[in-house]
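Please read the structure below before turning to the comments.
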Amino acid sequence: MSSDTSEITRQDDVTIRFAGDSGDGMQLTGTQFTDTTARVGNDLATFPDFPAEIRAPAGTRAGVSGYQIHFSSADIYTPGDAPDVLVAMNPAALIINYKDLKPGGIVLVNTGSFTEKDLERADCKTNPLTDGTLSAFRVIQEDINQRTIEALAGTSLGKKDVLRCKNFFTLGMMYWLFSRPIEPTLQWLTEKFGKKPDLLDANTRALKAGYNHGELLRLFQGRYDVPKVDNVEPGTYRNIMGNQAIAIGLAVGADLAGLKAFLGSYPITPATDILQYMSLMKNHGVITCQMEDEIAGICTAIGASFAGHLGITTTSGPGLALKTEAMGLAVITELPLVIVNVQRGGPSTGLPTKVEQADLLQSIFGRNGEAPIPVVACSCPADAFECAVEACRIAVEYMTPVILLSDNYIANGAEPWKLPTMESLPHFEVKFVTDPEGYTPYVRDGKLARAWAKPGTPELMHRIGGLEKDAHTGNVSYDPDNHQIMCETRLAKVMGIRDTIPTPTYFGPDAPDLLVIGWGSTYGAIRSSVEALQREGKRIGRLHMRHMYPLPHGLPEIFASARRIVVPEMNFGQAARLLTSEFPQFKFETIHKVQGKPFFAPELKAHFRKILEETA
Amino acid sequence: MSEVQQLKAKDFKSNQEIRWCPGCGDYSIIASVQAVLADIGVARENVVMVSGIGCSSRFPYYMETYGFHSIHGRANAIATGVKVANPDLQVWVITGDGDGLSIGGNHMIHSLRRNVDMKIILFNNEIYGLTKGQYSPTSPQGLQTKTSPFGSVDAPFNPLQLALGAGSTFVARTLDTQPKHMKEVLAAAAAHKGSAFVEVWQNCVIFNDGAFKDWTDKTVRDEQMIYLNAGQPMVFGKDNDKGLKIDGFALKVVPAAEASNWDPTVDSAGPAFVMTQLDTDPSMPRPFGVFRSVVRPTLDDLVHEQINSVTQKRGPGKVKDLLYTPDCWTVD
């Protein structure tokens with residue numbers, strides 16, 4: 000493939016969206032392009048967008064699955080706004096996505112899936128390839144179905160299986176267009192299909208044929224290169240998705256605590272991957288139990304914590320609701336427990352594969368009784384690792400359940416992650432009580448954490464449970480004053496966490512006209528839009544929260560310096576409401592969005608610009 | 000640890016005053032459990048009592064062992080976590096007909112199918128006691144309670160059938176008024192490796208007094224109850240003159256000499272299930288004892304065997320391996 004003579008144009012920043020039917024393998028195409036691009040040394044961010052149905056009726060708009068990747072020669076924080084390139088494998092994919100494309104952008108269309116029947120399935124009255132729909136774009140039409148069939152001539156595979164290779168043909172074309180090496184994917188295919196030589200051969204041939212096709216047929220007017228990022232911080236990197244980062248963080252966190260991780264869980268979109276990843280960690284001593292329901296998931300984890308492990312449960316919003324009573328049990332028994340909530344659109348089943356941040360108040364307050372639980376929120380896939388470790392630290396240092404909030408955008412998004420060095424990891428090794436001298440179940444340390452004695456320890460037999468206990472003896476107590484003391488102690492313990500967490504860093508000019516407060520996965524869009532306005536000289540600053548409860552020290556001092564404060568959230572203003580109740584002296588304006596889509600940088604920039612203009 | 004000493008039943012009593020109603024069947028059950036634990040010689044620190052919510056679920060507070068009084072219906076799930084985390088512990092689940100078969104029915108069947116090595120004592124009094132007298136999932140149809148003033152229209156579960164259907168490897172029934180029998184059954188449950196499900200007929204003196212008297216009263220029990228003993232002929236009656244004979248998919252009453260031997264260890268759950276059918280026939284005695292006792296791998300063993308075998312194959316994992324995978328790249 001070295002005979003390539005096409006002129007290569009340098010591009011610093013490209014966004015591609017792969018779109019096709021759920022069965023077209025677009026997620027795989029996207030992740031392969033992503034992994035290769037990471038190896039090339041670009042910064043990148045991705046956004047998979049797929050339907051809740053595994054296979055909606057073929058060719059329909061409901062069944063369109065998309066994968067967007069934004070890659071660049073500079074640091075980037077979002078998966079891109081308007082794509083430069085759209086790959087549309089069928090009419091439905093084209094119709095749903097073309098409006099997002101940049102004017103003048105490239106549309107690569109698989110004309111092999113544009114028959115009358117295909118158009119009908121996609122509910123197209125006229126053919127968008129000929130009716131002027133795409134007049135603003137550079138349209139490249141190719142019968143990818145036919146090209147794939149030709150490339151695989153002589154294969155032992157049936158036609159259906161041959162056509163399933165069309166995504167690798169497409170991937171090859173995109174590799175050529177953006178000057179990516181095909182070797183990483185060839186290697187992946189060898190590992191994946193090593194034992195199925197016919198599939199290995201077919202996909203390899205499709206990939207290579209697609210790549211050569213770009214060169215031979217001059218479909219594109221030249222090709223592009225996006226050079227690697229030059230000023231990357233030295234270190235070791237890997238490409239990481241949010242759910243993967245959480246799985247690793249939890250396993251590492253348990254290890255740093257000197258405990259075995261025990262995950263009791265129940266499959267739920269979009270959190271299931273964490274259970275799947277951790278199920279692979281058997282040789283790390285990680286125990287995973289896929290239980291009969293969400294409640295059993297958290298209850299086995301609580302039982303394991305009682306037995307001296309680090310109990311973990313993973314879920315999404317509806318599952319968190321089911322776990323509510325058991326979370327209260329973990330609060331009153333003061334056992335360490337990490338509850339991961341990968342948020343999705345709600346209420347109820349809502350939008351299972353879409354993003355939302357509307358479980359914040361449920362996480363902080365959604366239990367019967369006074370049941371404080373610390374809440375940590377991660378902002379991007381790489382941050383998810385640190386937050387998972389932090390959740391483990393808080394859980395064991397304070398003997399408390401902790402909720403780690405992620406969301407669908409972080410869960411399935413990918414980005415390069417600079418790996419921490421082993422020396423930089425925090426240490427919080429647990430010391431179990433073994434000495435009966437002075438032991439009671441609720442004897443506390445300086446952080447108000449109760450002593451942890453695990454079953455099997457002689458002379459420390461004790462009983463815990465959901466009934467209120469006497470602060471001194473640990474026996475059941477209905478004493479009114481004791482209940483007040485215990486409630487206050489549990490709250491004071493959780494509030495004490497503030498002494499071990501940093502004040503979020505403020506980025507921006509002194510005394511800004513506008514302070515933007517973010518939490519969770521709005522990080523990238525806020526950072527991109529605020530930095531763009533800062534480059535214009537606007538007096539705008541930002542801070543991003545990680546600890547949502549308790550709130551860190553030092554916030555009012557930052558808030559007081561700003562003329563106006565705004566909190567963009569994918570809910571109806573839950574963090575703003577929280578901040579308003581904690582700091583009633585400030586006015587927190589809100590920007591809400593509950594469309595199952597993340598904020599885009601231009602959208603936020605427009606909001607902020609409007610506020611700045613009003614303020615000027 | 001100090002040298003192992005022979006513990007007595009009283010060593011398993013905590014310092015907490017028991018708060019069950021005077022005359023409650025629970026007193027006799029806890030005394031039997033304490034006696035059995037002393038007899039089998041288990042160390043107190045290695046015993047964990049897990050309960051849900053209900054009168055019976057206060058049980059762990061009265062035991063000088065590790066204990067967890069949890070939330071309604073979830074004892075089996077919490078106990079599963081305890082046992083899988085530390086298989087060296089002897090785990091007991093204390094539950095009732097409401098806790099274990101209604102709100103906790105799901106966890107009950109799933110822990111039985113997984114064969115978690117734990118001993119489940121289901122106190123069956125056919126009533127909700129702690130909420131003061133509402134019908135339970137084992138209350139007979141027609142029972143008048145506060146929520147069924149005109150008689151319950153709900154069909155009840157037979158706890159033994161549920162356990163057998165869920166694949167329980169040990170299923171037994173005993174009753175609070177027969178401490179000797181109860182201790183035998185509980186000792187057999189304790190010795191069983193796997194999920195042991197023991198239904199205890201337990202009389203609630205306040206809200207459902209005499210629920211079982213048609214079978215257990217002194218005046219009728221010889222004719223209305225039959226004790227199953229492994230390898231022994233199934234005989235009953237005041238003079239042990241009657242017997243049960245297995246006849247296809249049914250049992251029939253025959254002279255004692257013709258009685259079949261009872262074998263709870265057969266592979267098929269069929270005979271045990273046929274035995275539970277006696278409960279639906281007013282002309283037949285009610286059976287007590289061990290219905291089923293078979294061996295199959297336990298969840299806790301399987302989990303740890305798998306961890307060991309994968310660890311042997313791949314070598315013990317290090318934290319660094321979780322982070323620094325082969326797909327990393329380095330920037331200088």
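So the sequences go chain by chain: A and B.
Residue numbers for the first sequence, in numbering that gives the first Met the number 0: 0 to 615.
Residue numbers for the second sequence, in numbering that gives the first Met the number 0: 0 to 331.
Note that the Cβ used here is the ideal one computed from N, Cα and C, for glycine as well.
Span of the beta strand (DSSP E) around residue i
{"i": "His591 of chain A", "result": "Phe587 to His591"}
{"i": "Tyr223 of chain A", "result": "Arg222 to Asp224"}
{"i": "Trp328 of chain B", "result": "Trp328 to Val330"}
{"i": "Gly38 of chain A", "result": "Checking the sequence, you will find Arg at residue 38 of chain A rather than Gly. No beta strand (DSSP E) contains Arg38 of chain A, which is instead part of the alpha helix (DSSP H) from Met25 to Val39."}
{"i": "Arg16 of chain A", "result": "Asp12 to Asp20"}
{"i": "Arg616 of chain A", "result": "This structure does not reach residue 616 of chain A, given that chain A is present from 0 up to 615, and the question cannot be answered."}
{"i": "Leu513 of chain A", "result": "Leu513 to Trp518"}
{"i": "Val84 of chain A", "result": "Val84 to Ala87"}
Chain B contact residues for residue i, given Cβ-Cβ distances below 8 Å
{"i": "Tyr505 of chain A", "result": "Result: empty, since nearest Cβ-Cβ is about 28 Å, beyond 8 Å."}
Buried versus exposed call for residue i [16 or more other C-beta atoms within 10 Å across all chains shown]
{"i": "Asn407 of chain A", "result": "buried"}
{"i": "Val395 of chain A", "result": "buried"}
{"i": "Asp299 of chain B", "result": "buried"}
{"i": "Lys586 of chain A", "result": "exposed"}
{"i": "Asn126 of chain A", "result": "exposed"}
{"i": "Asp444 of chain A", "result": "exposed"}
{"i": "His552 of chain A", "result": "exposed"}
{"i": "Met421 of chain A", "result": "exposed"}
{"i": "Gln356 of chain A", "result": "buried"}
{"i": "Pro435 of chain A", "result": "exposed"}
{"i": "Ile15 of chain A", "result": "buried"}
{"i": "His69 of chain A", "result": "buried"}
{"i": "Ser2 of chain A", "result": "Confidence is the limiting factor: at Ser2 of chain A the pLDDT is only 46, short of 50, which leaves the residue's position unreliable and the question unanswerable from this model."}
{"i": "Phe571 of chain A", "result": "exposed"}
{"i": "Asn415 of chain A", "result": "With the sequence shown as reference, residue 415 of chain A is identified as Pro, and Asn is not the correct amino acid for it. With 16 or more Cβ atoms within 10 Å of its Cβ, Pro415 of chain A is classed as buried."}
{"i": "Thr521 of chain A", "result": "buried"}
{"i": "Asn14 of chain B", "result": "exposed"}
Neighbouring residues, chain B, relative to residue i (Cβ below 7 Å)
{"i": "Gly241 of chain A", "result": "Ordered by position in chain B, no residue passes the 7 Å Cβ test against Gly241 of chain A, which lies about 16 Å from the chain."}
{"i": "Asp254 of chain A", "result": "Val318"}
{"i": "Leu321 of chain A", "result": "Result: empty, since nearest Cβ-Cβ is about 11 Å, beyond 7 Å."}
{"i": "Glu324 of chain A", "result": "Ile70"}
{"i": "Arg237 of chain A", "result": "Thr324, Asp326 and Cys327"}
Chain A contact residues for residue i, given Cβ-Cβ distances below 7 Å
{"i": "Gln15 of chain B", "result": "Asn474"}
{"i": "Ala195 of chain B", "result": "Per Cβ cutoff of 7 Å: no residues; Ala195 of chain B is ~18 Å from chain A at best."}
{"i": "Asp331 of chain B", "result": "Pro233"}
Residue range of the unbroken alpha helix (DSSP H) whose run includes residue i
{"i": "Cys391 of chain A", "result": "Pro380 to Tyr397"}
{"i": "Tyr210 of chain A", "result": "Pro196 to Leu216"}
{"i": "Tyr276 of chain A", "result": "Thr271 to Ser278"}
{"i": "Leu100 of chain A", "result": "Here Leu100 of chain A belongs to no alpha helix (DSSP H), and DSSP marks it neither H nor E."}
{"i": "Ile484 of chain A", "result": "Pro479 to Met494"}
{"i": "Gly241 of chain A", "result": "Gly241 to Leu255"}
{"i": "Pro400 of chain A", "result": "Unbroken run through Pro400 of chain A is the beta strand (DSSP E), Pro400 to Asp406; no alpha helix (DSSP H)."}
{"i": "Gln15 of chain B", "result": "No alpha helix (DSSP H) contains Gln15 of chain B, which DSSP labels as neither H nor E."}
{"i": "Leu359 of chain A", "result": "Leu359 to Phe364"}
Listed by chain order, chain A residues near residue i by CB distance under 8 Å
{"i": "Met69 of chain B", "result": "The question names Met, but residue 69 of chain B in the sequence shown is Ser. Residues of chain A passing the Cβ test: Cys298, Ile301, Leu328, Gly464 and Gly465."}
{"i": "Leu321 of chain B", "result": "Ile247, Ala250, Val251, Met280 and His283"}
Chain-ordered chain A contacts of residue i [CB-CB under 9 Å]
{"i": "Tyr60 of chain B", "result": "Arg462, Gly464, Leu466, Asn474 and Val475"}
{"i": "Thr64 of chain B", "result": "Pro454, Met460 and Arg462"}
Cross-chain neighbours of residue i in chain B, by beta carbon under 9 Å
{"i": "Gly310 of chain A", "result": "Gly80 and Ala84"}
{"i": "Pro180 of chain A", "result": "Result: empty, since nearest Cβ-Cβ is about 13 Å, beyond 9 Å."}
#### Entry: Length-filtered (4 minimum) alpha helix (DSSP H) runs lying within the region 164-203 of chain B
178-190
### Task
Can you check the region 216-302 of chain B for any alpha helix (DSSP H) of at least 4 residues that lies completely inside it and give the ranges in chain order?
220-223 and 269-275
### Residues from the region 265-294 of chain A in contact with chain B, defined by Cβ distance under 7 Å
Met280, Lys281, Asn282, His283, Gly284, Ile286, Cys288, Met290, Glu291, Asp292 and Ile294
### Contact list for the region 72-89 of chain B against chain A, Cβ threshold 7 Å
So the list reads Arg73, Ala76, Ile77, Ala78, Thr79, Gly80, Val81, Val83, Ala84, Asn85, Asp87 and Leu88, given in the order they occur along the chain.
### Query
If you scan the region 80-152 of chain B from start to end, which runs of the beta strand (DSSP E) of 3 or more residues do you find wholly inside it?
89-95 and 117-123
### Where the region 294-314 of chain B meets chain A: residues whose CB sits under 7 Å from a CB there
Val302, Gln305, Ile306, Val309, Thr310, Arg313 and Gly314
### Secondary structure, beta strand (DSSP E): runs of 3+ residues fully inside the region 268-329 of chain A
Listed in chain order, they are 286-289 and 309-314.
### Task
Output, in sequence order along the chain, the residues in the region 107-131 of chain B whose CB is closer than 7 Å to any CB in chain A.
His109
### Message
At a CB distance below 7 Å, what residues from the region 17-47 of chain B approach chain A? Give them in sequence order.
### Response
Arg43, Glu44, Asn45 and Val47
### Query
Enumerated in chain order, which unbroken segments of the alpha helix (DSSP H) with a length of 4 residues or greater are wholly contained in the region 137-168 of chain A?
Within the region 137-168 of chain A, the complete alpha helix (DSSP H) segments at least 4 residues long are 143-150 and 158-162, listed from N- to C-terminus.
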